[in-house]
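Visitor:
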Amino acid sequence: LKKAALAEGEANATIISAKGKAMAVKIEADAQAYSNKEIANSLNTPLLNLKQIETQKEFNEALKVNQDAKIFLTPGGAVPNIWVDTK
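Going by the working numbering, 187 is the number at position 41 of the sequence shown; the sequence numbering is gapless.
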């Protein structure tokens, strides 16, 4: 009877621990989702146009240094941006 009570106590402790971990994962996922939505909401057309102008400026500066370049790769997250000089 003592072993059964001990086993039940351990099982309950495991369940409580698992529930706590699951809640922590859900809270973290909810926070990440909220953060992603806020970032998405902040990305408006004028801001994206500004970033494009800034990137074009860097491209133009690089062309001053290396006038023979035909293709430039610039960081763009998971996929780099490819700028092709059409001159």
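C-beta atoms are modelled at their ideal positions from N, C-alpha and C, and glycine is treated no differently.
Quick check: what's the CA-CA separation for residue 205 versus residue 189?
Guide: Approximately 22 Å, taken between the alpha carbons.
Visitor: How is residue 176 classed by DSSP in three states: helix, strand or coil?
Guide: It is helical.
Visitor: Among the residues of its own chain, which have a CB less than 8 Å from the CB of residue 175, if the five just before and after it don't count?
Guide: Here the set comprises nothing.
Visitor: For a test of the three-state rule: what should DSSP assign to residue 158, helix, strand or coil?
Guide: Correct three-state label for residue 158: helix.
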